[in-house]
Structure formats: C-alpha cells, structure tokens
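Residue numbering for the first sequence follows numbering that gives the first Met the number 0, starting at 0 and increasing by one per position.
Take a look at the structure set out below.
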Amino acid sequence: MAKSDFYQKVYKIVEQIPYGKVTTYGAISGAIGVRSGARTVGYALNNLITHPGGEKYPAHRVVNAMGQLTGRGHFPGDSMREKLEQEGVSFKKEYTVDIDKHFWSPVEAAENLSE
DNA sequence: CTAATGACGACAC
DNA sequence: CGTGTCGCCATTA
C-alpha cells in the first residue's frame, strides 16, 4: 500500500521522464495538483531511491528550478551528473544543467495518470 | 497535536 | 540565477 498517493504520482512522472530531458520539483508538484509541494516531491524521491527497485527510476533527471543537481548528494559519487552528461544534457556549471534548454513538462505525464 | 526536517519555490535586494 | 528570507506540503519524532 502507498503511504500517500502523492508519492505514487511522483513515481509515475519520474518514471516517464524522456531520455536527455530534465524537469523540476515544482513542475512535478504543480503537475500533480499541489501548488507548492516541491519539497514534498524531493521527499518522495528520497523515499523512491530508498524503495526497493527505485533505482530504475531516472530520478537523476529531476533537478531544482535553477537546474542545480541538489540531489547529487543522495547518489553514489557523481553518477547523477555522469548520467545527465551522458544523455546529452548541457551543463552550465559542474552541478548545474541547462534546465531552460532540456526542460520537460511533467504535466503531460500527470494527465496521463488520469487516463 | 506540536515541533522539526527535507533532493524546493517565489520574492526581495 | 547571485544571496537572503519566508512559505509550502508530507513525513517523522
């Protein structure tokens, strides 16, 4: 059983993030329906990687509004940056991706849940 | 139930 | 997108 539907929604969206694309916590939270639950999204991802099999989710494609890899600390080494860089994502800084260039709208994924 | 925390966001300077 | 502050939601103690 899910501890909260919020988590499940986040899982679904993160799981549907396309290759070479990145999205933000606020965008996901907004797509789900929460106005400003960005922090909760990060919390959900934290539980996601902790969850068995959660490593298959491209959580490394989720960054904050500034494109900074705020969650890199939860990944082993710099695997997060390595993956994004390998997928063709442009980096403005060592731990900052060009969010404005590779931004992906999770809204479509959220609507896909209401199918 | 209240307080504190967290992979954040928006706004003010 | 520089730095600083307050607000947001859900979970845990």
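A virtual CB, placed ideally from N, CA and C, is assigned to each residue, including glycine.
Three-state class that DSSP yields for residue i in the structure shown
i, result
"VAL88", "coil"
"GLN7", "helix"
"VAL106", "helix"
"VAL13", "helix"
Assumed close pair residue i, residue j - CB separation to whole angstroms, cut-off 8 Å
i, j, result
"GLU14", "TYR56", "5 Å"
"ASN46", "TYR6", "6 Å"
"VAL88", "HIS101", "5 Å"
Alpha-carbon to alpha-carbon, residue j and residue i
i, j, result
"ALA58", "LYS11", "11 Å"
"ASP4", "GLU93", "34 Å"
"VAL9", "GLU84", "23 Å"
Endpoints, alpha helix (DSSP H) assigned at residue i
i, result
"VAL40", "37-49"
"ASP77", "Note, ASP77: premise wrong, no alpha helix (DSSP H); not H, not E."
"ALA64", "First-last for ALA64: undefined, no H or E at that position."
"ASP97", "ASP97 -> no alpha helix (DSSP H), and no H or E assigned at all."
When the options are compared against residue i, the one with the closest alpha-carbon
i, options, result
"LEU68", "PRO51, SER35, GLU86 and PHE90", "PHE90"
"THR95", "VAL62, GLU107 and GLY87", "VAL62"
"GLU107", "PRO51, ARG38, TYR6 and ILE27", "ILE27"
"TYR18", "PRO75, VAL9 and LYS82", "LYS82"
"GLY66", "ARG34, THR22 and TYR6", "THR22"
"SER78", "ASP99, GLU54, ASP97 and ILE98", "GLU54"
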